[in-house]
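For reference, the structure is listed below as structure tokens.
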Amino acid sequence: MVIFKKFRDYQKFVFEKKTKEDSIGFVPTMGALHNGHLSLILECKKIASITVASIFVNPKQFNNKDDYDKYPNTIEQDIALLENSGCDVLLLPNNDEVYPPFFKDDFEINLGKLEIIFEGEFRPGHFKGVYQAVNRLLNVVKPNFLVMGSKDFQQCLVIKELLKQTKSEIKLVMAPTKRENSGLAMSSRNLRLLQNEQLLASNIYEVLSTIKKEINEVPLSTLLEYGRKKLSDSGFIIDYLNIANAKDLSEIDTYDTSIPSVILVAATLNGVRLIDNLQL
Ligand code: AMP
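Okay, so the sequence shown: first residue is 152 according to the numbering used here, each after it adds one.
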């Protein structure tokens with residue numbers, strides 16, 4: 152695996168190495184890698200001949216400075232994991248490389264309601280920070296494929312909008328969520344949970360799976376009420392547990408099998424905020 156801190160060195164490498172037959176797949180991350188991230192690398196290797204990962208903890212997408220300051224840094228381990236997964240290139244830019252003095256952050260797209268519902272409501276400005284950084288990275292990496300986790304479902308929809316509104320030809324691939332045996336979605340934040348809290352956190356998946364299993368038999372409001380109670384009884388403070396249209400996250404009152412839908416949840420256990428979803 153080759154590591155580049157400077158974008159121009161990466162671009163020189165691609166210019167010299169990439170043939171007409173090659174395709175580039177890109178997996179952007181913020182590091183503190185786990186098997187969820189590595190599953191994206193494996194997915195990427197299936198579809199592209201050159202797999203590029205990036206590790207950049209993007210300050211613009213944190214609404215909370217403390218959260219940013221405390222973001223875990225396990226860079227030595229991350230490099231070893233990426234190397235073992237067969238990643239070809241790692242980009243490790245610093246802040247100045249991603250946001251140089253000449254960088255203008257007036258690039259905007261219109262996210263419509265996506266910007267203010269679900270994660271958008273609870274993390275104002277977050278998605279703008281995400282799409283600005285991803286846009287900057289895409290302009291440098293110039294991939295054919297962009298591989299992202301459907302664990303961050305709304306983020307995938309935001310990036311889909313970015314690609315559409317910038318008339319990009321990059322194909323977004325949404326990879327499935329990798330889970331612990333308990334069903335808990337893998338996340339860098341799980342490290343901050345004690346063992347008994349990890350067990351309680353697996354109730355998120357239990358709630359999602361039960362709703363999915365029962366949705367054709369039991370009224371939606373009853374299922375959501377059951378889910379919210381189960382999570383609060385487990386000690387969670389719930390930001391949202393709801394079902395939405397999977398295309399644009401617009402509200403759904405009554406489940407309709409003909410509309411692709413998704414159950415979305417965000418809840419905090421002992422100061423650790425977790426998100427998850429399940430497509431129906
Ligand atoms: P992050 O480092 O949290 O910004 O995540 C980098 C990428 O990994 C994003 O596309 C995430 O959606 C994806 N990701 C995070 N957790 C998982 C997981 N458990 N399974 C699959 N992909 C994941």
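Glycine residues also receive a C-beta, built at the ideal position from the N, C-alpha and C atoms.
Treat the numbers as computed from the prediction; the structure is a model and nothing was measured.
Boundaries of the alpha helix (DSSP H) in which L232 is found, first to last residue:
From DSSP, the alpha helix (DSSP H) with L232 extends over I226 to S236.
Identify whether I201 lies in helix, strand or coil by the three-state DSSP scheme.
When secondary structure is reduced to three states using DSSP, I201 falls in the strand class.
Would you call the CB atoms of K221 and G280 closer than 8 Å?
Against a cut-off of 8 Å, the Cβ pair of G280 and K221 comes out as no contact.
For a test of the three-state rule: what should DSSP assign to K171, helix, strand or coil?
In the structure shown, K171 sits in coil (DSSP, three-state: anything other than H, G, I, E or B).
Among I192, N215 and F254, which one has its Cα closest to the Cα of V240?
From the listed residues I192, N215 and F254, the smallest Cα separation to V240 is found for I192.
Return yes when at least one heavy atom of the ligand AMP lies under 7 Å from the C-beta of H188, else no.
Distances from the CB of H188 to the heavy atoms of the ligand AMP include at least one below 7 Å.
For the putative contact between L184 and L232, defined by C-beta atoms under 8 Å, what is the C-beta separation to the nearest angstrom?
Right, the Cβ-Cβ distance comes to about 5 Å (below 8 Å), so this counts as a contact.
Looking only at its chain, what residues have a beta carbon closer than 8 Å to the beta carbon of T434, apart from the 5 residues adjacent to it on each side?
With the chain covering only 152 through 431, there is no way to say anything about residue 434.
Return the chain-ordered ranges of every alpha helix (DSSP H) run that is complete within the stretch 341-370 and spans a minimum of 4 residues.
Listed in chain order, they are 346-352 and 354-365.
Helix, strand or coil, according to DSSP, for S412 in the structure here?
Of the three classes helix, strand and coil, the one that applies to S412 here is strand, per DSSP.
Coil, strand or helix - G263 by DSSP:
It is helical.
So, helix, strand or coil for G378, using DSSP?
It is helical.
Considering only heavy atoms of the ligand AMP, does any lie closer than 7 Å to the CB of T328?
Under cutoff, so the answer is yes.
Check for me: the beta strand (DSSP E) holding A326 runs from which residue to which?
According to the DSSP assignment, A326 belongs to the beta strand (DSSP E) that extends over K322 to A326.
Can you tell me whether DSSP reads E248 as helix, strand or coil?
Reduced to three states, the DSSP call for E248 is helix.
Give the range of the beta strand (DSSP E) segment to which L297 is assigned.
F296 to G300 is the span of the beta strand (DSSP E), which, as asked, contains L297.
For V208, the first and last residue of its enclosing alpha helix (DSSP H)
It is not in any alpha helix (DSSP H) - V208 carries neither H nor E in the DSSP assignment.
Got a sec: does the ligand AMP put a non-hydrogen atom nearer than 7 Å to the Cβ of G300?
Distances from the CB of G300 to the heavy atoms of the ligand AMP include at least one below 7 Å.
What are the boundary residues of the alpha helix (DSSP H) that includes D218?
Membership of D218 in the alpha helix (DSSP H) is indicated by the continuous run K216 to D220.
Going by DSSP, what residue range makes up the alpha helix (DSSP H) through N443?
Residue coverage of the chain in this structure runs from 152 to 431, which leaves residue 443 outside it and unanswerable.
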